[in-house]
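Undergrad: Residues in the sequence shown are numbered from 597 upward in steps of one, following my numbering.
C-beta atoms are modelled at their ideal positions from N, C-alpha and C, and glycine is treated no differently.
Please read these numbers as outputs of a predicted model, since none were measured by experiment.
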Amino acid sequence: MSTPESSSQPSLVQQSRDGDILVLTINNPPVNAFSPGVPEGLKAGLDAAAADDSVKAVVIIGGGRTFVAGADIRTFDMPREQSPDLRGTIEKLDAFTKPTVAAIHGTALGGGLELAMGCTYRVAVPGAQVGLPEVKLGVLPGAGGTQRLPRVVGAAKALDMMLSGNPIRATEAGQLGLIDRIIDGDLLAGAVEFAREMADARPLPRISERSVPGATPDVFAAARQGIRKTHRGQLSPSLIVDLAEMAAAVPFQEGWDAEATKFMEAKDSPQSRGLRHIFFAERESAKIPGITKDTPTTEIRSAGIIGAGTMGGGIAMNFLNVGIPVTIVETQQEALDRGLSVIRRNYENTARKGRMSMEDVEARMALLTPTLDMGDLKDADIIIEAVFENMDVKKDIFTRLDGIAKPGAILASNTSTLDVNEIASVTSRPESVIGLHFFSPANVMKLLEIVRAEKTSDTVLATSMALAKRIRKVGVVVGVCDGFVGNRMVHRYGDEARQIVEEGARPEDVDASMNALGLPMGPFQMSDMAGLDIGHAIRQHQAKVAGQPKPDGWLDRIVETGRKGQKTQGGIYDYDETRRPIPNADMQKLIEDYRAEKGITPREITQEESTKRLAYSLVNEGAKILEEGIAQRAGDIDVIYIYGYGFPAYRGGPMQYASEQGLKNVVADLEKYGQTPAPLLKRLAEEGKTFAQYDAEKGRA
């Protein structure tokens, strides 16, 4: 292989020759994103090949670890004339008169796969992955993906790939005809050999000239029915189905033109802005002031869990799933046996669904050591307490752990609300203590609130962040306060929900108002699932700490009837075998009697009022948390609410949602409904700023 022909070429694409084959290598690390410089380099290479009769074919390959991982998302907000010309590059490829071969390793995603489909042929190493994940950012394939993919793999498979956004392996793509040859061994050598074989083949097999296999009305009807469940309320999935149907019904050029228009419609929507916001916010949440790549970390080779209940068992599974041995402690053999049986049952259910083998089940269970002796945790690198939410109990455990755990072991509490500083104070090593707040079910939910106490060391914090990634969680660092970020906000949200019912709404109408916003559960559905007794106990504790009378709201009275939610088959709602919430007439009468006793005349509350009051109560509390420094960024709050509380990702989280509504409007509505806007929220509204701008300015400070 020779050196590049034009060493002075400023583009991100290098040209080199292997005899009669021109090789264009994209070098735009780390993932060869299709950003400015790449299209110019590819076009220049094609022009060079067209002008040179000795060039028989062109190979396009990625330098480094991947082909092209997709378009650079940061270019989405560029003016059209400044954004990288992916469509123009693919048009040039489609019209090119010599064979072009995309040589794929790593990933060809989004614009990367569209670029490859613009080529005459595609070859790949077996482990490569290809896909069109645009739906995950609220957009759609905008450079021919909706028109070309159905023509290659058929309507049904193309819809599945575009609507899920999930990639497929090159071996499967080969079976579908999307990859023309799997290359074992040196990819470039294999691609050049393939290009030479196809150099004289005519006519060129352009995808744009094919028809769409399997394009029956039933396929598109089924896709539309499916997205009503999987992508409820979202714009881009319906546009994808429409465009795939066009691919089967109209000439390629007409579908190509329509795709460009629909892409801009999706890209400029609040939904896409929300999804792009959370894409970047999740990455920013991993950045912690004072913590660098050079901050030392502790290797976690073993873990101890105290408590084998729902949370303890779920937490243990996270470690077992990645091969970390766990010692799990209980006080009674019966509780220990019950906890182990739940863990085994969870794994066996997964195996029955085909997502792991029974050998995997046994391998994971073999890593689990049950014990009734806390002293067996003496060699653990990290010990996580996951017992009942009671400060005295937790302090007793940490006092004992202080005398058991080896030097350097991380001592973590899974507390969801309590003061980690107070817990740490009973140890002789508060620098080793941290809060690791897992969300239920802990083996499923992706969020991990990492609670940095006053004396938590940088090493413990950095290790916890690395551990979160290792056990496949999204770790977000928060500060110490009652409820940290997520639960502090949800407590305020719950207060507002109860107030709305007290004023005249029915619980099911309040829940419906948040379902309409895109949340899978409203506040009362969520309370019934979590257990009404938990919220009741928290309110009792808060009142006691504040020296206030025992809470006696309508929801407290429901708990006092013995109804605790789904676990007692009834709480605010009744539940059938499918756990569908069913309004209960007796509970509605209890609410009405409560209003009468308190002299409250019920009034009609619209869905709009309920939605605004609930959503903005989250935002208002979030603004207070932000100003107090409990959360580092508004984006962190959004990540917490999407991964921990089911806030729809396409809304971008509560803070991004508020910015979309306009913070001036949010402040006006808070005041209209009797809430006092947080000082930070009011200031940003007066300055005409968004929370994202606040984060950006704070980051530059």
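1) Could you spell out the range, first to last residue, of the alpha helix (DSSP H) harbouring residue 1137?
2) Does residue 1283 come out as helix, strand or coil in the three-state DSSP assignment?
3) Among 712, 939 and 770, which one has its Cα closest to the Cα of residue 1038?
4) On the three-state DSSP scale, how would you describe residue 630?
5) Quick one: what's got a C-beta closer than 6 Å to residue 633's C-beta in the same chain, skipping five residues either side?
6) Any idea what DSSP makes of residue 1120, helix, strand or coil?
7) According to the Cβ coordinates, are residue 1089 and residue 953 closer than 8 Å?
8) Quick check for students: name the residue ranges of the beta strand (DSSP E) that lie wholly in the region 697-747, counting only runs of 3 or more.
9) Could you say which of 1009, 782 and 670 lies nearest to residue 723 if we only look at CA atoms?
10) Exposed or buried, residue 860, counting other C-beta atoms within 10 Å across all chains shown (16 or more means buried)?
11) Looking at the structure shown, is residue 1031 part of a helix, part of a strand, or coil, going by DSSP?
12) Note down, one range per segment and in chain order, each alpha helix (DSSP H) of at least 4 residues found wholly within the region 1194-1226.
13) Residue 1221 to residue 788, Cα distance in whole Å?
14) Run the CB neighbour count on residue 994, radius 10 Å, all protein chains shown included, and call it buried at 16 or more, exposed below.
15) Check this for me: beta carbons of residue 726 and residue 766, under 8 Å apart or not?
16) So which of 728, 748 and 688 has the shortest CA-CA distance to residue 758?
17) Tell whether a beta-carbon distance below 8 Å holds between residue 1299 and residue 1072.
18) Give me the residue from 838, 747 and 764 with the minimum Cα distance to residue 805.
19) Is the region 837-853 in contact with the region 632-651, if contact means three or more CB pairs nearer than 8 Å?
20) Which class does residue 1067 belong to by DSSP, given the choice of helix, strand or coil?
21) Between the Cα of residue 1204 and the Cα atoms of 1160, 1269, 1182 and 1082, which residue gives the shortest distance?
22) Can you check which of these residues, 1231, 1091, 1224 and 1023, is closest to residue 1152 by C-alpha distance?
23) Since residue 979 contacts residue 997 with CB under 8 Å, what's their CB separation in whole angstroms?
24) Based on Cα-Cα distance, which residue from 705, 689 and 699 lies nearest to residue 668?
25) Determine the direct distance from the alpha carbon of residue 803 to that of residue 721, and round the result to whole angstroms.
26) For residue 1206, count neighbouring C-beta atoms within 10 Å of its own C-beta (all shown protein chains included) and say buried if the count is 16 or more, exposed if not.
27) Rounded to a whole number of angstroms, what is the C-alpha to C-alpha distance between residue 823 and residue 949?
28) What are the uninterrupted segments assigned as alpha helix (DSSP H) that are 4 or more residues long and contained completely in the region 1243-1273, given in chain order?
29) Could you give the C-beta distance for residue 899 and residue 920, rounded to a whole number, given that I count them as a contact under 8 Å?
30) Rounded to a whole number of angstroms, what is the C-alpha to C-alpha distance between residue 697 and residue 655?
31) Distance check for residue 1244 and residue 734, CA to CA, integer angstroms please.
32) Hey, residue 1181 and residue 1219: beta-carbon distance below 8 Å or not?
33) Roughly how many angstroms separate the alpha carbons of residue 617 and residue 719, rounded to a whole number?
34) How about residue 1238 and residue 778: are their beta carbons less than 8 Å apart?
35) Are there three or more Cβ pairs, one per stretch, closer than 8 Å when the region 1195-1202 is compared with the region 839-857?
36) Per DSSP, what kind of secondary structure is residue 614 in: helix, strand or coil?
TA: Taking the structure as given:
1) Taking the sequence shown and counting its residues from 1, the one referred to as residue 1137 is at position 541. Element bounds for residue 1137: 1128-1141.
2) Numbered from its first residue, the sequence shown carries residue 1283 at position 687. DSSP places residue 1283 in helix when its eight states are reduced to three.
3) The residue given as residue 1038 occupies position 442 in the sequence shown. It is 939 whose Cα lies nearest to the Cα of residue 1038.
4) As a first step, residue 630 must be located in the sequence shown, where it is residue number 34. The answer is strand: DSSP assigns residue 630 an E or B state.
5) Taking the sequence shown and counting its residues from 1, the one referred to as residue 633 is at position 37. Only 607 and 608 meet the Cβ criterion.
6) As a first step, residue 1120 is located in the sequence shown; it is residue number 524 there, counting from the start. In this structure, residue 1120 counts as helix in the three-state DSSP scheme.
7) Here residue 1089 corresponds to residue number 493 of the sequence shown, with the count starting at 1. Here residue 953 corresponds to residue number 357 of the sequence shown, with the count starting at 1. It is not a contact, given that the beta carbons lie outside the stated cut-off.
8) 703-705, 717-720 and 725-727
9) By 1-based counting over the sequence shown, the position of residue 723 is 127. The residue with the shortest Cα to Cα distance from residue 723 is 782.
10) The count along the sequence shown starts at 1 and reaches residue 860 at position 264. Exposed, by the Cβ-count rule.
11) If you number the sequence shown from 1, residue 1031 lands on position 435. Strand, per DSSP.
12) 1203-1224
13) Position 625 of the sequence shown, counted from the first residue, corresponds to residue 1221. Position 192 of the sequence shown, counted from the first residue, corresponds to residue 788. In a straight line, the C-alpha of residue 1221 is about 58 Å away from that of residue 788.
14) Position 398 of the sequence shown, counting from 1, holds the residue named residue 994. So residue 994 counts as buried.
15) On the sequence shown, position 130 is the one that residue 726 refers to. On the sequence shown, position 170 is the one that residue 766 refers to. A contact, by the Cβ cut-off of 8 Å.
16) As a working mapping, residue 758 is identified with position 162 in the sequence shown. For the residues 728, 748 and 688, the minimum Cα distance to residue 758 belongs to 728.
17) The shown model of the chain, from 597 to 1297, leaves out residue 1299, and the question about it has no answer.
18) Position 209 of the sequence shown, counted from the first residue, corresponds to residue 805. Closest by alpha carbon: 747.
19) no
20) The sequence position of residue 1067 within the sequence shown is 471, counting from 1. Coil.
21) Counted from its first residue, the sequence shown places residue 1204 at position 608. The option with the nearest alpha carbon to residue 1204 is 1269.
22) Within the sequence shown, the letter at position 556 stands for residue 1152. For the residues 1231, 1091, 1224 and 1023, the minimum Cα distance to residue 1152 belongs to 1091.
23) Within the sequence shown, the letter at position 383 stands for residue 979. Within the sequence shown, the letter at position 401 stands for residue 997. Contact flag correct, Cβ pair sits at about 6 Å.
24) Here the question's residue 668 lines up with position 72 in the sequence shown. Of the candidates 705, 689 and 699, the one whose C-alpha sits nearest the C-alpha of residue 668 is 705.
25) Position 125 of the sequence shown, counted from the start, is the residue given in the question as residue 721. Position 207 of the sequence shown, counted from the start, is the residue given in the question as residue 803. One C-alpha to the other measures close to 21 Å.
26) Translated into the one-based positions of the sequence shown, residue 1206 becomes position 610. Residue 1206 is buried by the Cβ-count criterion.
27) As a first step, residue 823 must be located in the sequence shown, where it is residue number 227. As a first step, residue 949 must be located in the sequence shown, where it is residue number 353. Using only the alpha carbons, I get a separation of about 23 Å.
28) 1250-1257 and 1259-1268
29) As a working mapping, residue 899 is identified with position 303 in the sequence shown. As a working mapping, residue 920 is identified with position 324 in the sequence shown. Correct: roughly 6 Å between the Cβ atoms.
30) Position 101 of the sequence shown, counted from the start, is the residue given in the question as residue 697. Position 59 of the sequence shown, counted from the start, is the residue given in the question as residue 655. Distance between the alpha carbons of residue 697 and residue 655: 5 Å.
31) Position 138 of the sequence shown, counted from the first residue, corresponds to residue 734. Position 648 of the sequence shown, counted from the first residue, corresponds to residue 1244. Their backbone Cα atoms lie some 12 Å apart in a straight line.
32) Taking the sequence shown and counting its residues from 1, one reaches residue 1181 at position 585. Taking the sequence shown and counting its residues from 1, one reaches residue 1219 at position 623. Going by C-beta atoms, residue 1181 is not nearer than 8 Å to residue 1219.
33) For the purposes of this step, residue 617 is taken as the residue at position 21 of the sequence shown. For the purposes of this step, residue 719 is taken as the residue at position 123 of the sequence shown. Their backbone Cα atoms lie some 15 Å apart in a straight line.
34) Stepping through the sequence shown from its first residue, residue 1238 is reached at position 642. Stepping through the sequence shown from its first residue, residue 778 is reached at position 182. Contact: no.
35) no
36) Taking the first residue of the sequence shown as position 1, residue 614 is located at position 18. Reduced to three states, the DSSP call for residue 614 is strand.
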